[in-house]
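In terms of the working numbering, the sequence shown has 388 at position 369, counting the first letter as 1, and numbering is strictly consecutive. These notes concern the structure reproduced below.
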Amino acid sequence: MSDINADAWVSSGHRPMGFPEFVVAIAAIMALNPLAMDMMLPALPNIGSAFQLADANRPQMVLSIFLVGFGVGQFVMGPLSDRFGRRPVLLGGMIVYGAASLLAIAAPSFEALLLARALQGLGTAATRVIATSIVRDCYAGRRMASVMSLAMMVFIAVPVVAPSLGQAVLVFSQWRGIFIALMIYGVAALIWSALRMPETLPVELRKSLAVRDVLGAFRQTVTNRQTLGYALACSGVWGAMISFVLTAQQVFTGIYHLGAYFPLAFAAIATGVAIAGFLNSRIVGRLGMRVMSHAALVGFALVAAVMLAAEIANALPLPLFMALTALMMFSFGLMMANFTALAMEPHGKIAGTASSLYGSITTLLGIAIGMVIGQHYDGTLVPFSTGFFLCAVAALAIAAITEKGRLFRPHNKPV
């Protein structure tokens, strides 16, 4: 741990975390978001039936409105954490998440459920922003990328099992049972964080909430070429991934007729992300963030091109589709931690605000792109494969512009 982090533990009276516990704690906090997202996938048809929704694409809103709340919430969580510290904002967000879960359990209408989901997303905005800020408080450079990769490996393993967990809950309960499970996990994470996670932002480094200061921090973030460039590139990648998640249940059950086996297929594909996270954590220190993420982005674009060509040729059977989407996930896993580390690297003194704005940009642009693609689902893979290709090409172009055409340029020495 860095000196800042060690001092925080001493001053807060917490027994210092070992490195493994720190990584797992960060991942567990971050996991609130993908659990709340992906456990709902098997329940979308049940929710549509329960509320008698006529439009087959409308249940996607259970996922998309959650991401909207998540994206909007990040605008305020960073500045609040830079002013009041990491702990109060983190714990407050978890409390909002728990209350929203209760509202979802009792939701009498689809609109009430959407309100609960927006509030859940708002609560998880705190967990994602604060987890990233805590890592940035404690590490920098390639070491930060390595820590983020290890946390992401645990965090990203969640989507592998989350749909199966949701399906298991549905065996013994209705869709509301999933929200009970989410609330239980949220309470457990809240207790662990309250007992073990210290404040990592010293009082002397906290920022003012004055409008001029906040806008100044926002301006510093968005006018940084590296931060803005990787935020926009990440948004394109996120757009493709979100469109896949929004339509995954419809694709696997409607096109490939997997029925109850859908969670297993989704888990097999999502495993690629966890493998990528582990691989990145092992070699990013040697190769650097740019080499790793740029190679993954090129691979992402190539996979998109192959998928689009196969769909146009009407030659995209289930095994090929799963192989290509697994490669998509693998490339995604190599990019995300490195894109985040590259975007955050210039902003150690305003880590909370920078993390907040970066998260908002990537999430809101990503969900806007993903929703457009998802709402065009027509029973074929043409909308998704076309959107995937366009997102990949746009992200690659933005990365090239950000680096002034010099992709794969090694990063600086470890910090």
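For every residue, glycine included, the Cβ atom is placed at its ideal position computed from N, Cα and C.
Asked                                                                                                                                   : Found
Outcome for tyrosine 377 when other beta-carbon atoms lying within 10 angstroms are tallied against a minimum of 16                     : buried
Alpha-carbon to alpha-carbon, alanine 362 and threonine 242                                                                             : 12 angstroms
Nearest-angstrom beta carbon gap, valine 148 and methionine 96 [assumed within contact, 8 angstroms]                                    : 4 angstroms
Alpha-carbon to alpha-carbon, valine 108 and isoleucine 153                                                                             : 12 angstroms
Sequence-distant residues of its chain with Cβ nearer than 7 angstroms to alanine 55 (five each side left out)                          : Phe85, Gln139, Thr143, Leu201
Serine 254 versus alanine 126 - alpha carbon distance                                                                                   : 32 angstroms
Coarse secondary structure for asparagine 76, derived from DSSP in three states                                                         : coil
3 or more residues per run - each beta strand (DSSP E) lying fully within the segment 333-397                                           : none
Cα-Cα separation, leucine 189 to glutamine 394                                                                                          : 26 angstroms
Selection from Leu339, Val401, Gly291 that minimises the alpha carbon distance to phenylalanine 351                                     : Gly291
The alpha helix (DSSP H) enclosing tryptophan 257, as first and last residue numbers                                                    : 244-269
Sequence-distant residues of its chain with Cβ nearer than 7 angstroms to alanine 150 (five each side left out)                         : Ile45, Ile48, Met49
Between the CA atoms of serine 83 and tyrosine 275 - distance to the nearest angstrom                                                   : 23 angstroms
Where the alpha helix (DSSP H) containing glycine 291 begins and where it ends                                                          : 281-306
Residue from Thr399, Val115, Asp74, Glu218 whose Cα sits closest to the Cα of arginine 136                                              : Val115
Contact set for alanine 27: own chain, Cβ-Cβ below 6 angstroms, skip 5 residues either direction                                        : Low per-residue confidence applies at alanine 27: pLDDT is 47, beneath 50, and the placement is therefore not dependable, though the value from the model is reported in the following sentence. Same-chain partners within the cutoff: Pro217, Glu218, Thr219.
Outcome for tyrosine 249 when other beta-carbon atoms lying within 10 angstroms are tallied against a minimum of 16                     : buried
Distance between glycine 273 and aspartate 101 (C-alpha atoms, nearest Å)                                                               : 46 angstroms
Contact check, leucine 343 vs valine 322, beta carbons under 7 angstroms                                                                : yes
Same chain, Cβ closer than 7 angstroms to phenylalanine 358, five either side skipped, listed in chain order                            : Tyr249, Ala252, Cys253, Ser312
Where isoleucine 210 falls, given that 16 or more other Cβ within 10 Å makes a residue buried                                           : exposed
Inter-residue Cα distance where the pair is glycine 385 and valine 264                                                                  : 12 angstroms
8 angstroms Cβ shell around glutamate 40 - same chain, five flanking residues per side excluded                                         : Arg215
Inter-residue CB distance, glycine 205 and serine 120 (contact presumed, cutoff 8 angstroms)                                            : 6 angstroms
Rounded Cβ spacing between glutamine 268 and leucine 415 (contact assumed at less than 8 angstroms)                                     : Glutamine 268 to leucine 415, Cβ: 29 angstroms. No contact.
First and last residue of the uninterrupted alpha helix (DSSP H) at glutamate 40                                                        : 38-49
Cut-off 6 angstroms between Cβ atoms - residues of its own chain near leucine 383, not counting five sequence neighbours on either side : Gly90
Distance between alanine 284 and phenylalanine 7 (C-alpha atoms, nearest Å)                                                             : Absent from the structure is residue 7, since the part of the chain shown begins at 20 and ends at 434.
Euclidean distance between Cα positions of leucine 80 and alanine 279                                                                   : The residue asked about is misnamed: residue 80 is methionine in this sequence, not leucine. Computed Cα separation, rounded: 22 angstroms.
Endpoints, the alpha helix (DSSP H) within which valine 222 is located                                                                  : Counting along the chain, valine 222 falls outside any alpha helix (DSSP H), and DSSP gives it neither H nor E.
Serine 404 burial status per 10 Å Cβ neighbour count (16 or more: buried)                                                               : buried
Test item: CB-CB of valine 389 and glycine 258 under 7 angstroms                                                                        : Looking at the sequence shown, residue 389 is not valine but glycine. For glycine 389 and glycine 258, yes; Cβs fall inside 7 angstroms.
Residue burial classification, lysine 432 (beta-carbon count within 10 angstroms, cutoff 16)                                            : Residue placement at lysine 432 is flagged as unreliable, the pLDDT there being 44, under the threshold of 50; a coordinate-derived value is accordingly withheld.
Under 7 angstroms between C-beta atoms of alanine 289 and methionine 348                                                                : yes
7 angstroms Cβ cutoff met for proline 182 and proline 282                                                                               : yes
First and last residue of the uninterrupted alpha helix (DSSP H) at leucine 60                                                          : From DSSP, leucine 60 is part of no alpha helix (DSSP H); its letter is neither H nor E.
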